[in-house]
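Using my numbering, the letters of the sequence shown correspond one by one to residues 1 to 176. We put the CB at the ideal spot given by N, CA and C, even for glycine. Reading through the structure tokens given below for one structure.
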Amino acid sequence: MPDTDFKVNDPVVHPQYGGGYVDGIESIEVSGQRIECLKIRCVSKGRKIFVPKNSVDLSAIRPPLANKRYKALKDVLTGEPEEMSRNFNRRMKQVKTKLESGDPLEVAEILRDMYPKWSDSSLSSSDQRMFEKSRDLLVSEIALIEDCSYEEGIDFIEKTMADAAAERAEKVEAEA
Numbered sequence: 001m002p003d004t005d006f007k008v009n010d011p012v013v014h015p016q017y018g019g020g021y022v023d024g025i026e027s028i029e030v031s032g033q034r035i036e037c038l039k040i041r042c043v044s045k046g047r048k049i050f051v052p053k054n055s056v057d058l059s060a061i062r063p064p065l066a067n068k069r070y071k072a073l074k075d076v077l078t079g080e081p082e083e084m085s086r087n088f089n090r091r092m093k094q095v096k097t098k099l100e101s102g103d104p105l106e107v108a109e110i111l112r113d114m115y116p117k118w119s120d121s122s123l124s125s126s127d128q129r130m131f132e133k134s135r136d137l138l139v140s141e142i143a144l145i146e147d148c149s150y151e152e153g154i155d156f157i158e159k160t161m162a163d164a165a166a167e168r169a170e171k172v173e174a175e176a
């Protein structure tokens with residue numbers, strides 16, 4: 001059950017918009033009705049989102065990953081990439097399903113599996129958008145966990161994955 005008692009300045013993660021901080025409660029007008037909303041200032045893109053207080057549970061807003069799950073996320077990022085479907089529609093469906101799950105480990109799988117093509121600039125424009133969306137979600141959460149800027153979070157993910165790819169390449173070379 002998600003924690004619905006978030007306080008001002010609490011770090012939170014929205015499954016579709018990524019990490020941010022609770023700015024407070026704000027009453028907004030929607031279709032002529034006043035609705036009390038949790039106002040969240042997102043780490044990326046300076047975006048603010050409003051989640052109706054009576055829908056916080058349904059929105060799956062949660063605190064950032066704890067230590068054990070964060071280690072698991074780093075393990076996924078540094079793991080062996082899995083081959084993605086060559087069929088565009090099937091690949092997009094798989095990626096969208098993982099993105100919509102809201103599970104940061106599944107989002108990390110997208111980055112891990114797309115990274116080899118991203119690093120050599122061979123992603124299609126649609127794949128590039130999915131890679132960037134996945135990276136945005138993870139970077140914003142890592143920025144909360146590591147208490148760093150969004151840009152430092154990007155550097156962290158890219159360095160982590162580049163180092164893992166280099167280690168795999170060295171291992172293959174040593175075995176040859």
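Delimiting residues of the alpha helix (DSSP H) encompassing residue i
| i | result |
| --- | --- |
| S119 | 104-119 |
| G153 | 150-175 |
| V139 | 125-146 |
| K218 | Past the edges of the chain, shown from 1 to 176, lies residue 218, and the structure says nothing about it. |
Own chain partners of residue i with C-beta closer than 8 Å, once the 5 adjacent residues on each side are dropped
| i | result |
| --- | --- |
| A165 | Y115, P116, S119 |
| P63 | D3, D10, P11, V12, V13 |
Cβ neighbour criterion (16 or more within 10 Å) applied to residue i
| i | result |
| --- | --- |
| F131 | buried |
| I28 | exposed |
| V13 | buried |
| G24 | exposed |
| R90 | exposed |
| D3 | In this prediction, D3 has a pLDDT of 47, which is less than 50 and means its spatial position is unreliable; what the coordinates show is noted afterwards. Counting Cβ neighbours within 10 Å, D3 comes out exposed, since fewer than 16 surround it. |
| R47 | exposed |
| A143 | buried |
| D127 | buried |
| E26 | exposed |
| E109 | buried |
| S140 | buried |
Backbone CA spacing between residue i and residue j [nearest angstrom]
| i | j | result |
| --- | --- | --- |
| K171 | P52 | 51 Å |
| L65 | I145 | 7 Å |
| C148 | D103 | 21 Å |
| K39 | G18 | 14 Å |
| N87 | D5 | 44 Å |
| N9 | V22 | 5 Å |
| R41 | I49 | 7 Å |
| V107 | C37 | 27 Å |
| L99 | S134 | 7 Å |
| E175 | E167 | 12 Å |
| A162 | Y150 | 18 Å |
| T160 | S85 | 24 Å |
Neighbourhood of residue i by C-beta distance below 6 Å, restricted to the same chain and skipping five residues each side
| i | result |
| --- | --- |
| E82 | D113 |
Boundaries (first-last residue) of the beta strand (DSSP E) holding residue i
| i | result |
| --- | --- |
| E83 | Element bounds for E83: n/a, residue is neither H nor E. |
| V56 | Careful: V56 lies outside any beta strand (DSSP E), inside the alpha helix (DSSP H) at 56-59. |
| L38 | 33-42 |
| D23 | 18-30 |
| V51 | 48-52 |
| V12 | 11-14 |
Cβ shell of residue i (< 7 Å), same chain only, five flanking positions each side left out
| i | result |
| --- | --- |
| K7 | V22 |
| D179 | Summary: the structure shown does not reach residue 179, with the chain confined to residues 1 through 176, and so no result is reported for it. |
| task | Could you tell me whether the stretch 23-42 touches the stretch 71-89, where touching means 3 or more Cβ pairs closer than 8 Å? | result | Judged by Cβ distances under 8 Å, the stretch 23-42 makes no contact with the stretch 71-89, as fewer than three pairs qualify.
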